[in-house]
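Visitor: Can you keep this structure in mind? I'll have questions shortly.
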């Protein structure tokens, strides 16, 4: 068990892809060294690197990358010699000569880290490459293999290291002088005393390389470092950071074509918490609208009156949640009878949402605080992540649903008449999966009874691009026919699916276009009538208890006089600012 760190990293990521797509200094989907043109930009150290690896607040000692293979148990061991002429080693040598600092990233599996690494990948900061030497390490076949080692010292060590153990009680003491050195009597090269028990020549070309004074090979297993070697420091004339390790938010500019530039393909680093976000942007031709998944983190969820406190209040306060009867499902031929209940627990606040339950809504003034807080936060999310110029009013309705283990909302849309174009949902508690796909009648081009879909076809239907073109051509012909001969128009709606070969495929369901993993505190935003018109979604709860708090704008002029609330639905008074 390692102690907690003194602080938090400026930059971190939950996956390697998120890291590589966000920061400019590490773009290696595999491997631990990003180098180019004889310069190392960054190292990533994760897992068990070497039996003699070392890391404290200011010093890191690590082996050069490569030359490792798995043994029979899957453990990585050295299987061939490393050389001072290897490209990575030459790049570090060049950085030492030119005094180019580099960035070091630490993974949460790094066994040498002095404290707990709080995230999958955390940027430690800028480091100076100081020294390169060779030694020997036991590896495959019980043989000792030549290993190249690097020593790095933290740039600006007078500043506290965020990854220092919290219980250290101050900065470590060190000496501003080089480590002890000796000259080899054979090759006349100078080598530092790295280890406590012995000095040895560290020149791999020398006959006395890795030999003790007695002439026998030095140990090739675990060894204790010489404290003088660890405490020595090597200052540079200039120890200014070349740039901030936290990338700024992208500025895409205002010129035509700026939205097509490379920066738009990259992730962003959160200016508040430092998390690297992957870019998830999917474009579906012909469907106007936006679908946004805003991912929460611990810092956001732990804010006052945020997701963590909301989740507690949802279970301790009277939210008025009930399994309510659903009169809207009592249609002709339905097996649902009067008195049957919805699967989920629900309650509605603000404007009536008549498509869910026959029970009247309640005013926001009577709602427990998580409801009004959620409404305010979702209004903020809509202003922040969507085009604020098209936002004409706050959300005026909030539907709360509670799901127990195994419960789910099957494929549906939220495009009922009388709703505004924006819908936002806050997820609390257990995880869930959200699946989005094209509606069957738009995917196959016809209804279950074989009638050609009268809405304009959009790309992505069954049969591929060729069928998309044929369907669109038939639809365009129908627009003229509809105006001049209504009877002929109705007849063609029945004929076209058989002519195009769609009738036999009319029951085929589309595959998911997008699958989103929802976690505690996440927000989903959907904007645009086309999203609800052409697409449908379902949400499957994965945990024992999940709350979905969904806000909409219910248009009052679409309600009958008897459906209007007897109370006033006032604008959001909390006005959360992020």
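In this note's numbering, the protein residues as written are 1330 to 1907. For each residue, glycine too, the CB sits at the ideal point set by N, CA and C.
1) Out of 1390, 1458, 1419, 1385, point me to the one whose CA is closest to residue 1446's CA.
2) In or out: residue 1887 buried (at least 16 other Cβ within 10 Å) or exposed?
3) Taking the DSSP output, what are the residues bridged to residue 1398?
4) State the start and end residues of the unbroken alpha helix (DSSP H) segment that holds residue 1905.
5) In its own chain, which residues sit with a C-beta less than 7 angstroms from the C-beta of residue 1860, not counting the 5 before and 5 after it?
6) Given a threshold of 16 other Cβ atoms within 10 Å of its Cβ, counted over all protein chains shown, does residue 1455 qualify as buried or as exposed?
7) Assuming residue 1779 contacts residue 1821 (C-beta within less than 8 angstroms), just tell me the rounded distance between them.
8) Tell me where the alpha helix (DSSP H) around residue 1820 begins and ends.
9) According to DSSP, residue 1334 sits in a beta bridge with which residue or residues?
10) Going by CA-CA distance only, name the one from 1482, 1494, 1829 that's closest to residue 1507.
11) So, are the CB atoms of residue 1411 and residue 1475 less than 9 angstroms apart?
12) Within the segment 1687 to 1769, note down every full alpha helix (DSSP H) run reaching 4 residues or more, in order along the chain.
13) With DSSP run on the structure shown, which of helix, strand or coil describes residue 1621?
14) Where do the ends of the beta strand (DSSP E) carrying residue 1841 lie?
15) Quick one: is residue 1404 buried, meaning 16 or more other Cβ sit within 10 Å of its Cβ, or exposed?
16) Going along the chain, which residues of its own chain have a beta-carbon closer than 6 angstroms to the beta-carbon of residue 1518, five neighbours each way excluded?
17) Could you have a look at residue 1671 and say whether DSSP puts it in helix, strand or coil?
18) Mind checking residue 1693: buried by the 16 CB within 10 Å criterion, or exposed?
19) Whole angstroms is fine: what's the gap from residue 1786's alpha carbon to residue 1884's?
20) Roughly how many whole angstroms lie between the Cα atoms of residue 1349 and residue 1485?
21) Quickly, what does DSSP pair residue 1466 with across the bridge? List them, please.
22) In or out: residue 1658 buried (at least 16 other Cβ within 10 Å) or exposed?
23) Work out the CA separation of residue 1477 and residue 1465 for me, nearest whole Å.
Guide: For this structure:
1) Selected option, being the one with the closest Cα: 1385.
2) Per the 10 Å Cβ criterion, exposed.
3) DSSP output for residue 1398 lists 1406 as bridge partner(s).
4) Where residue 1905 is concerned, there is no enclosing alpha helix (DSSP H), because DSSP gives it neither an H nor an E.
5) Only 1616, 1618, 1620 meet the Cβ criterion.
6) With 16 or more Cβ atoms within 10 Å of its Cβ, residue 1455 is classed as buried.
7) Residue 1779 to residue 1821, Cβ: 13 angstroms. No contact.
8) Boundaries of the alpha helix (DSSP H) around residue 1820: 1815 to 1828.
9) According to DSSP, which records beta bridges pairwise, residue 1334 is partnered with 1494.
10) When only C-alpha atoms are compared, the closest one is 1482.
11) Taking C-beta atoms as the reference points, residue 1411 and residue 1475 count as a pair closer than 9 angstroms.
12) Here the runs fully enclosed are 1698 to 1714.
13) Residue state, collapsed to three classes: strand.
14) Counting along the chain, the beta strand (DSSP E) containing residue 1841 begins and ends at 1841 to 1847.
15) Exposed, since its Cβ has fewer than 16 Cβ neighbours within 10 Å.
16) Excluding residues within five positions, the ones whose Cβ falls inside 6 angstroms are 1532.
17) Residue 1671 falls in the coil class under three-state DSSP.
18) Under this definition residue 1693 is a buried residue.
19) If I take the Cα positions, the gap works out to 28 angstroms.
20) Taking the straight line joining both Cα atoms gives about 26 angstroms.
21) 1474.
22) Caution applies to residue 1658, whose pLDDT of 47 falls short of 50 and renders its modelled position unreliable; the value that the coordinates give is listed next. Exposed, because fewer than 16 other Cβ atoms sit within 10 Å of the Cβ of residue 1658.
23) Spanning the two alpha carbons is a distance of roughly 8 angstroms.
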